[in-house]
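Q: Here it is, the structure, as structure tokens.
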Amino acid sequence: MKRTITLLLLAALAAPAHATEKFSLCWSIYVGWMPWAYGAEKGIVDKWADKYGIEIDVVQINDYIESINQYTAGQFDACTMTNMDALTIPAAGGVDSTALIVGDFSNGNDGIVLKGEQTLEAIEGQRVNLVELSVSHYLLARALDSVGMSEADVTVVNTSDADLVGVYGSDDVTSVVTWNPLLSEVAAMPESNVVFDSTGIPGEIIDLLVVNTQTLSDNPELGMALTGAWYEIMSIMSGDDEAAVEARQYMAEASGTDLAGYDAQLDSTMMFYTPEAAVEFTSSDSLPETMQYVAEFSFDHGLLGEGAPDAGFIGMQMPAGNFGNEANTTLRFDASYMQKALDGEL
């Protein structure tokens with residue numbers, strides 16, 4: 011008996027007092043999400059994770075929609091995605107999710123490209139290659155509506171973002187809708203013209219870091235670490251000094267372009283480099299209006315789940331007001347962590 015007790019005491023003494031909590035974040039290539047690649051490579055994410063006594067694994071996923079699917083399936087605690095995809099994939103799938111960081115909105119980074127044509131009206135009757143039911147699909151619908159057309163006037167061809175550039179190079183593909191850096195590659199091909207882009211719908215395609223709400227609630231240190239790391243990266247890359255150029259150079263190469271190409275993408279992105287700008291946008295009255303529009307598009311396309319009776323089936327919580335069924339709230343925009351960054355509380 012004494013030997014057993016002694017062995018148990020030794021085992022208890024040898025065991026760590028508290029196992030480090032481990033979390034994971036997945037991202038895919040896009041101008042507004044490349045900072046996560048830089049932050050992981052340069053140890054900034056690790057530094058902030060260490061500050062809060064946790065570990066954060068940052069993982070690149072080559073297929074954007076697949077990254078969100080893996081997050082929704084519980085394989086990651088956080089994932090980069092747009093506002094629409096946050097609503098229609100995890101939230102619609104019953105995974106309560108929180109937009110922890112509102113990083114930017116597309117201001118020309120998403121566009122419609124036609125081959126050999128210079129006006130949007132020329133898209134009528136064409137087959138349009140895009141990632142179906144993504145923000146590209148949303149952009150197409152908004153663009154068609156702006157010229158008195160509808161999706162009935164085109165044929166949507168679902169195409170993975172990993173295949174879009176290659177597909178567009180074939181003779182029988184004449185129209186694509188996509189985002190940068192793919193948009194820049196496609197637009198640079200012979201006889202290609204961007205006939206509509208997201209400058210036509212400013213503030214509607216929003217790029218987020220989304221975290222599982224329960225995980226965030228149980229582990230606020232994860233939110234603190236991610237937010238702290240993000241704004242440190244923002245402060246580095248937004249300047250004109252050598253460190254800023256070096257940071258953007260790394261992001262450019264990691265996304266398959268050069269510094270000039272990456273800076274051009276940044277020029278068509280409304281980046282919220284400061285927490286003040288992000289909090290202001292997230293707390294604005296325009297966000298509920300935008301999310302209502304997104305919900306209506308999503309409902310019209312059957313993206314809010316089987317049996318959804320209307321566009322308000324899924325509740326969304328925002329600082330300026332809620333939308334939809336509060337009893338079924340599964341998407342939240344939380345400005346509190348960005349506010350902590352603004353107040354110097356991280």
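Per our numbering, residue 11 is the first one in the sequence shown, and the count goes up by one each step. Cβ coordinates follow ideal geometry from the N, Cα and C atoms, glycine included. On a predicted model such as this, the values are computed, not experimentally measured, just so you know.
1) Pull up the distance between the alpha-carbon of L23 and that of H311, whole angstroms please.
2) Could you tell me the boundaries of the alpha helix (DSSP H) in which K61 lies?
3) Applying the criterion that 16 or more other CB atoms from any shown protein chain within 10 Å of the CB defines a buried residue, is M199 buried or exposed?
4) With 16 as the cutoff for other CB atoms within 10 Å, does P357 come out buried or exposed?
5) Measure the Cβ-Cβ separation of T108 and V221 and say whether it is below 8 Å.
6) Alpha carbon to alpha carbon, what distance is there between D60 and D120?
7) What residues are listed by DSSP as bridge partners for N88?
8) Taking the straight line between their C-alpha atoms, what separation do you get for T237 and T300?
9) Give the straight-line distance between the Cα atoms of F33 and D73, rounded to the nearest whole angstrom.
10) Are the CB atoms of L219 and T90 within a distance shorter than 8 Å?
11) Taking 8 Å as the cut-off, decide whether the C-beta atoms of P191 and S248 are in contact.
12) Between A50 and P212, what straight-line distance do the alpha-carbon atoms span, to the nearest angstrom?
13) I need the straight-line Cα distance from L174 to S308, nearest angstrom please.
14) Under the three-state reduction of DSSP, which class applies to V273: helix, strand or coil?
15) How is the beta strand (DSSP E) around T165 delimited, first residue to last?
16) So if DSSP puts T188 in a beta bridge, which residue, or which two residues, is it bridged to?
17) In this structure, how does DSSP classify A109 when only helix, strand and coil are distinguished?
18) Just the Cα atoms here: how many angstroms apart are G334 and K125?
19) Is it the case that the Cβ atoms of V145 and I215 are separated by a distance below 8 Å?
20) Using a Cβ-Cβ cut-off of 7 Å (strictly less than) and excluding sequence neighbours within five positions of A101, which residues of its own chain qualify?
21) Please return the same chain residues whose Cβ sits closer than 7 Å to the Cβ of L352, not counting the five positions on each side in sequence.
22) Ignoring anything shorter than 3 residues, give me the beta strand (DSSP E) runs that lie fully in the segment 264-346, in order along the chain.
23) Go to E65, then tell me how far its beta strand (DSSP E) extends in each direction, as first and last residue.
24) Please determine, among M244, A151, G317, D268, the residue with the shortest C-alpha to C-alpha distance to G42.
25) For L140, write down the residues that DSSP places opposite it in a beta bridge.
26) Name the one or two DSSP bridge partners that S202 has.
A: With the given structure in hand:
1) Caution is warranted here: a pLDDT of 43 is assigned to L23, below 50, making its placement in the model unreliable, and the coordinate value is therefore given only provisionally. Cα-Cα distance, rounded: 58 Å.
2) 54-61
3) exposed
4) Since the first and last residues shown for the chain are 11 and 356, residue 357 lies out of range.
5) yes
6) 36 Å
7) Looking at the sequence itself, residue 88 is Ala, so the reference to Asn does not match. According to DSSP, which records beta bridges pairwise, A88 is partnered with L35, V221.
8) 24 Å
9) 21 Å
10) yes
11) no
12) 30 Å
13) 23 Å
14) Checking the sequence shown, residue 273 turns out to be Asp, not Val. Helix.
15) 165-168
16) G121
17) strand
18) 40 Å
19) yes
20) S107, I324, T340, L341
21) P285, E286, V289
22) 279-281, 325-327, 339-343
23) 64-70
24) M244
25) N168
26) K125
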